[in-house]
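Worksheet: the structure to be examined is printed underneath.
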Amino acid sequence: MYPLPACGRLSRSSNDPGWEGLAREWRSEMSQITRNSLTEHNFFALVAGLEGRWELIDGELVMMAPTTQRHANIVANVLATLHGQLRGTGYRPTCSGPSVRTGIGTIRYPDLVVDCGHRHDHEMCATTPVVVCEVLSSSRDQFDTHLRVLEYRAVPDIACILLIDPDEPRAILHRRDDAGWCDHLSIGLDQVVDITEVGATVPLRDVYDGLEFTQPDDTLRGHLC
1 MYPLPACGRL
11 SRSSNDPGWE
21 GLAREWRSEM
31 SQITRNSLTE
41 HNFFALVAGL
51 EGRWELIDGE
61 LVMMAPTTQR
71 HANIVANVLA
81 TLHGQLRGTG
91 YRPTCSGPSV
101 RTGIGTIRYP
111 DLVVDCGHRH
121 DHEMCATTPV
131 VVCEVLSSSR
141 DQFDTHLRVL
151 EYRAVPDIAC
161 ILLIDPDEPR
171 AILHRRDDAG
181 WCDHLSIGLD
191 QVVDITEVGA
201 TVPLRDVYDG
211 LEFTQPDDTL
221 RGHLC
């Protein structure tokens, strides 16, 4: 969990004798909110005035790690690939929001969501998220990734979870079927991830377009799970 950033009303210089008192007061107020657990409404109202990206996890406010250029480029490539194929189908791929409600008091922000529900222009959560995509990062540990996957699997509308390795051309698709969930691993730029649930394909060559790779490993990254 990351510390909350300073907000507008704490605008004094750090050398001001009153700064520490104001900071303590603000932290006390935020601590009280956290102890009482944030509601979904309070969460969206609160983060609207904060810098950075935040999630709500079990009623607690948690800051997301900043993204690298490589991470952002991969997300943009996946969005471009899906947008061209899904235009006019009713499936809407978006990134940087909307969020996904994965449980009571928990709101996640996947890197990309494909929503097929009725469009609500002012709604903060996806209406019917069918596909979610996460580009993994070194700052996100294996446990966090596993927890996210479990949460996404628990959302009835989500049919596919796509995890992408940012450093090597590797992706794994978690797909819901009649027996539960199955995993499909794709390795190599010539591989294509087939997301039949929305009638789209994601060629890994397009995912990593414009990016270079270091010497590939012989084993899959441990946190790609």
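All letters in the sequence shown, in the order written, are residues 1 to 225 by the UniProt record's numbering.
The C-beta atom is built at its ideal place from N, Cα and C for all residues, glycine as well.
Nothing here was measured: the structure is a model prediction, and the numbers come from that model.
How is the alpha helix (DSSP H) around residue i delimited, first residue to last?
{"i": "G103", "result": "It is not in any alpha helix (DSSP H) - G103 instead sits in the beta strand (DSSP E) that spans 100-103."}
{"i": "H83", "result": "69-86"}
{"i": "H41", "result": "40-47"}
{"i": "E151", "result": "142-153"}
How about residue i and residue j: do their beta carbons lie closer than 9 Å?
{"i": "V149", "j": "P129", "result": "no"}
{"i": "R116", "j": "V198", "result": "The sequence given here has Cys at residue 116, not Arg. Yes, the pair counts as a contact, with Cβ atoms nearer than the cut-off."}
{"i": "G105", "j": "T201", "result": "no"}
{"i": "C160", "j": "V78", "result": "no"}
{"i": "H184", "j": "Y152", "result": "no"}
{"i": "S37", "j": "E55", "result": "no"}
{"i": "D111", "j": "H146", "result": "no"}
{"i": "residue 231", "j": "L189", "result": "Residue 231 is absent from the structure shown; the chain starts at 1 and stops at 225."}
{"i": "I107", "j": "S99", "result": "yes"}
{"i": "G49", "j": "M63", "result": "no"}
{"i": "P93", "j": "V155", "result": "no"}
{"i": "T81", "j": "D206", "result": "yes"}
{"i": "R170", "j": "S186", "result": "yes"}
{"i": "L163", "j": "I195", "result": "no"}
{"i": "C125", "j": "R87", "result": "no"}
{"i": "E211", "j": "N73", "result": "Sequence check: residue 211 is Leu here, not Glu. Yes, the pair counts as a contact, with Cβ atoms nearer than the cut-off."}
What are the start and end residues of the beta strand (DSSP E) that includes residue i?
{"i": "V114", "result": "112-115"}
{"i": "E123", "result": "No beta strand (DSSP E) holds E123; DSSP gives it neither H nor E."}
{"i": "L163", "result": "160-164"}
Between residue i and the ligand COA, is there a pair consisting of the residue's CB and a ligand heavy atom that are separated by less than 8 Å?
{"i": "P93", "result": "Here there are no bound small molecules, and the ligand COA is not part of this structure."}
Give the DSSP bridge partners of residue i, in chain order.
{"i": "T180", "result": "With the sequence shown as reference, residue 180 is identified as Gly, and Thr is not the correct amino acid for it. D177."}
{"i": "V62", "result": "E55"}
{"i": "T89", "result": "The partner list for T89 (beta bridge, DSSP) is empty, contrary to what the question assumes."}
{"i": "E134", "result": "L163"}
{"i": "P169", "result": "None; P169 has no bridge partner."}
{"i": "P129", "result": "D115"}
Just checking: is the beta-carbon of residue i within a distance shorter than 9 Å of some beta-carbon in chain D?
{"i": "A171", "result": "This model lacks chain D altogether, as it is built from one protein chain only."}
Every unbroken alpha helix (DSSP H) inside the region 183-216 [4 residues or more]: The qualifying runs are 204-207.
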